[in-house]
Structures are given as C-alpha cells and as structure tokens.
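Colleague: The structure that follows is given in the form of structure tokens.
In the working numbering, the protein residues as written are 279 to 709.
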C-alpha cells in the first residue's frame, strides 16, 4: 500500500458514542473524495469484521496544525497512557509505513494458565481470571479447560488388574454437576445441578460425526453403542465404547482431557473488558453418576491430579482501550449472550397423563429440547447410563404457548410403525 492508515483514538470514542445512542451505522468514514463509506461492523465478531477508525495521512497533513488533538486518558495503567500518547504523536507527525495485514484493534493473543484456588480433593474447585493491573481483554470462547485425572478405589488405592470401571461419555463435562461464572462478584446466568445434560445436548445438536471422531475425543467423547448404553459389563459387555474409555484409566492410569466449558458466557463472541475479575466455580459430580461398573459393592472415585483453565487473553490497540474508557463514563458495558436452562421434572412411574404448567416465567425460548431418562440414572447409579435417553413408549407430546400448541398440532407417535414425523421438528430447530 502506498498510503498508510493509522488508528485515531478520538474516532473510537465517537464510534462508541454512536453505538450507545443505538445508531444503525455507528461509524461512517469520510473519505477524501467526499463520499461517505461504511468501514466495518462488529468490533469483536469473527476475524476480519473489526471496525478500524482510520484517517488518511495525506488528509492529516493538510489539517490545521494549530488545533492539535488533545486526549485525556482515563486508563489506570501507565503503560496504556504512554501507548495512546504515541498513537496521537503518529497521527500528528504523519509517519508513513506499511499497514499491518491484521486488524489494528487486536495486536496479540496468548493463553495464560489459571489454576485452582482450592484443594483439588474437595467437591468444589474455584479459579479466578484476575483483572488486576491488566491491559488484556479475555476471550472466553477460545479459553479451554484442561483436566488430568485417574480412577481409584474408595480408600484411595489403585485399581487392580481384575477390577473394571469406566467413565461415561463426554467425561470432561460429565465429571462436573455445576459450573458457575461470576463477573465482578455478580453471578451470570442461572445455575443448576444439570450441567452434564446441558453439555451433552449441546454437543449432540452442535457437532457432526466428523468432529465427534476427531476433536471431541479430547473431551473423552467415544460414542456408546446404540441399544446397549445401560450395559455395565465393562470388560466383556456389548457396549464396547465403555470398554474403550475404561482402558485409558485401567489400573489407575492417568488420563488427560481438554475442551471448552459449556457455559453460556463461554459461547459468546465478545471479549471481556480488561480489569474485570472473572471467577469460575466447578462442582464435582458423584462417582455413581459419571462412572459405570458391574463390580459387586462398587466403591470408586475420581482423583483430579491437575486442572487448568487456559484463559485466552487479547492485547488490544491502546486507541480501542481509550475509546472504551471514554464511553464507559456514560454507559455500562453490555454482553449479549444466548441463555440456556436445564430443568428436571420427575414423572412418577405408571403415570398415563402428565402436564407441567409455567415452565418458563416471563420468557419464551426459541428452542425446547425434551429428553427422558431413568430417574435412578439421573440421580447416579453405577449400573445405569445417565445419557441413555429413551422414549418410554410415549405416544403423544405437545408444547403449548398461551394454550396454543406449537406447530399447530400435538405430536402423535408410534415407535412400532412410524418414527419419521418425530425427526422433522428436530431438523427444523437446527436450521
């Protein structure tokens, strides 16, 4: 390029002011030919969509030098103050150099290891992504959880050669019953003890067969054999996937796993502002839930030897940080995310008709996923698979909004004859 474009902190401030006012096009660049051109969209969406406030250096040289730019930086970090001053000096001097091929708002990214603040032997594991004295933003979507674990007897001794026990599918996620995330001490999103089901349903509906045989294996996804999910004979049963998973932990060998957290905030595209403290609390599931075995009087437990949250931190151009600091004087930062909830409802054995009113208070979800599992398996039982979803001879189901059935009709099922209509609503939800 024979002309260089440089960041302008004042234009970032104008951009965020327009965003706060709800303008459709927050930033319009005035080019030298008098035409107004839209330059960019989201600041924190996919790569290549960053809005970069720019000015032509030639245009800057023609500006009246008697009216220099004056900027009052509000960042508490002196480093950012000095960097932003340098940016302004570049603007006034009109230094020419080649432009970076990368978006100027993002300068560098790295992963930092965050370890537990609590003992790994307890049921609760706390980790904090500190925001103190930091000029880096946090990308939760690209942050990963790493766990190194092994299976032992209840007294802590190692498994023998003739003792067979194995983890259920998606072991990285199913070993935690609850994931809580707080920002600045405030709890974000609702929390229940059904985190494994949220993770399993999202994985089933969001990944195809190729990822389930490649990248998801790092989370110990090994698909169970259809029709044999409750086969708890680890050594010689029909569910060979259970046997495959067990071999990684045979005789108390250590296995490691890594993957994203299935929390609403960890699916968000936006970066978390610098100096925002993020706390993650993981609550362990009972061994009876996440392990399967046909041993007599089973007594096993999962030992976590190491756990690390690999937080993805982003270094942002000082002009962007300055723009954020200025607009935050008048408005709060907003983080839109898709909220998901898992509700557990118990249906008594032998019930012919069942209705549940007021499932969601004051909100209407855009997707509802209904699954039926054995109550003993959901509570935790070494002999049953909690992810063995079954139809239990259901012959009719409907979801009502304001007493009107969704899609206009109830869904009538006959699993001995016709099953195709059951899959059509599911396919429509995935579009």
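Just so it is clear, CB atoms sit at the ideal spot from N, CA and C, and this is done for glycine as well.
Between 626, 627 and 481, which lies nearest to residue 495 when the distance is taken from Cα to Cα?
Modeller: It is 481 whose Cα lies nearest to the Cα of residue 495.
Colleague: Report the residue ranges of all beta strand (DSSP E) runs contained in full by the region 445 to 532; include only those spanning at least 3 residues, in chain order.
Modeller: Whole beta strand (DSSP E) segments, 3+ residues: 454 to 461 and 464 to 466.
Colleague: Could you name the residues of the same chain whose beta carbon sits closer than 6 Å to that of residue 379, not counting the 5 residues immediately before and after it, in chain order?
Modeller: Interpretation of residue 379 is limited by its pLDDT of 43, a score under 50 that renders its predicted location unreliable; no figure is taken from the coordinates.
Colleague: Using only alpha-carbon positions, find the residue among 512, 636 and 578 that is nearest to residue 677.
Modeller: Measuring from the Cα of residue 677, the nearest candidate turns out to be 636.
Colleague: Measure the C-alpha to C-alpha separation of residue 594 and residue 417 and round it to an integer number of angstroms.
Modeller: Using only the alpha carbons, I get a separation of about 12 Å.
Colleague: Could you tell me if residue 712 is buried or exposed, where buried requires 16 or more neighbouring beta carbons within 10 angstroms of its beta carbon?
Modeller: Residue 712 cannot be examined here, being either before or after the span of the chain that is shown, 279 to 709.
Colleague: For residue 589, tell me which candidate among 289, 467, 292 and 389 has the shortest Cα-Cα distance.
Modeller: The shortest Cα separation from residue 589 among 289, 467, 292 and 389 belongs to 389.
Colleague: Please classify residue 524 as buried or exposed, where buried requires at least 16 neighbouring CB atoms within 10 angstroms.
Modeller: By the 10 Å Cβ count, residue 524 comes out buried.
Colleague: On the three-state DSSP scale, how would you describe residue 439?
Modeller: Residue 439: coil per DSSP, three-state reduction.
Colleague: I'd like to know whether the C-beta atoms of residue 559 and residue 461 end up nearer to each other than 9 Å.
Modeller: In this structure, residue 461 does not lie closer than 9 Å to residue 559 by Cβ.
Colleague: Based on the DSSP secondary-structure assignment, which residues constitute the bridge partners of residue 555?
Modeller: DSSP output for residue 555 lists no bridge partner at all.
Colleague: Tell me, to the nearest whole angstrom, how far the beta carbon of residue 510 is from that of residue 571; I am working on the premise that it is less than 8 Å.
Modeller: Correct: roughly 6 Å between the Cβ atoms.
Colleague: As an exercise, report each continuous alpha helix (DSSP H) stretch of at least 4 residues that is fully enclosed by the region 557 to 608, in chain order.
Modeller: Here the runs fully enclosed are 565 to 568 and 596 to 605.
Colleague: Is it buried or exposed, residue 432, if we count other Cβ atoms within 10 angstroms and call 16 or more buried?
Modeller: Looking at its Cβ environment, which holds fewer than 16 other Cβ atoms inside 10 Å, residue 432 is exposed.
Colleague: Helix, strand or coil for residue 714 per DSSP?
Modeller: For the chain, the structure presents residues 279 to 709; residue 714 sits outside this window and is missing.
Colleague: Give me the DSSP bridge partner(s) of residue 387.
Modeller: According to DSSP, residue 387 bridges with 592.
Colleague: Taking the beta carbon of residue 444 as the centre, do at least 16 other beta carbons fall within 10 Å, making it buried, or is it exposed?
Modeller: Buried, by the Cβ-count rule.
Colleague: Could you check the C-alpha separation between residue 296 and residue 544 for me, to the nearest Å?
Modeller: For residue 296 and residue 544, the distance between alpha carbons rounds to 27 Å.
Colleague: Report, in whole angstroms, the separation of the C-beta atoms of residue 673 and residue 691, which I expect to be a contact under 8 Å.
Modeller: Confirmed, about 6 Å.
Colleague: Can you confirm whether the region 517 to 537 touches the region 550 to 559 when touching is taken to mean that 3 or more C-beta pairs between the two stretches lie within less than 8 Å?
Modeller: No: the two stretches stay apart, fewer than three of their Cβ pairs being nearer than 8 Å.
Colleague: Is residue 602 closer than 9 Å to residue 551 when the C-beta atoms are compared?
Modeller: For residue 551 and residue 602, yes; Cβs fall inside 9 Å.
Colleague: Leaving out the 5 sequence neighbours to the left and right, which residues in its chain are closer than 6 Å to residue 479 when beta-carbon positions are compared?
Modeller: Answer for residue 479: 647, listed in chain order.
Colleague: So, is residue 287 buried or exposed, given that buried needs 16 or more other C-beta atoms within 10 angstroms?
Modeller: Its Cβ being crowded by 16 or more others within 10 Å, residue 287 is buried.
Colleague: Which complete beta strand (DSSP E) runs does the region 391 to 427 hold, if anything under 3 residues is left out?
Modeller: Fully enclosed beta strand (DSSP E) runs of 3 or longer: 402 to 407.
Colleague: If I'm right that residue 546 touches residue 419 with Cβ under 8 Å, what's the distance once you round it to whole angstroms?
Modeller: About 6 Å; that satisfies the 8 Å criterion.
Colleague: Taking the alpha helix (DSSP H) that residue 288 belongs to, which residues open and close that run?
Modeller: Run containing residue 288: 287 to 298, per the alpha helix (DSSP H) assignment.
Colleague: Using a Cβ-Cβ cutoff of less than 8 Å, which residues in the same chain neighbour residue 592 once the five nearest sequence positions on both sides are dropped?
Modeller: Excluding positions up to five away in sequence, the list reads 384, 386, 387, 414, 415, 416, 417 and 549.
Colleague: Please classify residue 489: is it buried, with 16 or more other beta-carbons within 10 angstroms of its beta-carbon, or exposed?
Modeller: Residue 489 should be labelled exposed.
Colleague: Does the distance from the C-beta atom of residue 579 to that of residue 430 stay below 9 Å?
Modeller: Contact flag set, yes.
Colleague: Give the straight-line distance between the Cα atoms of residue 670 and residue 608, rounded to the nearest whole angstrom.
Modeller: About 56 Å.
Colleague: Quick check on residue 501: buried or exposed, where buried means 16 or more other Cβ atoms within 10 Å of its Cβ?
Modeller: Residue 501 comes out exposed.
Colleague: So, for residue 530: in the same chain, excluding its five sequence neighbours on each side, which residues have a beta-carbon less than 7 Å away from its beta-carbon?
Modeller: Closer than 7 Å at Cβ, skipping near neighbours: 428, 429, 430, 436 and 437.
Colleague: Counting only the same chain and skipping the five closest in sequence on each side, list residues whose C-beta sits under 7 Å from that of residue 290.
Modeller: Counting only Cβ-Cβ distances below 7 Å, and skipping sequence neighbours, we find 331, 597, 598, 600 and 601.
Colleague: Which of the three DSSP states, helix, strand or coil, is assigned to residue 678?
Modeller: Here residue 678 sits in strand by DSSP.
Colleague: So, under 8 Å CB-CB, residue 624 and residue 454 are touching, yes? Tell me the CB distance rounded to an integer number of Å.
Modeller: Contact flag wrong, Cβ pair sits at about 22 Å.
Colleague: Report buried or exposed for residue 764, applying the criterion of at least 16 other Cβ atoms within 10 angstroms of its Cβ.
Modeller: There is no way to answer for residue 764, as the model of the chain reaches only from 279 to 709.
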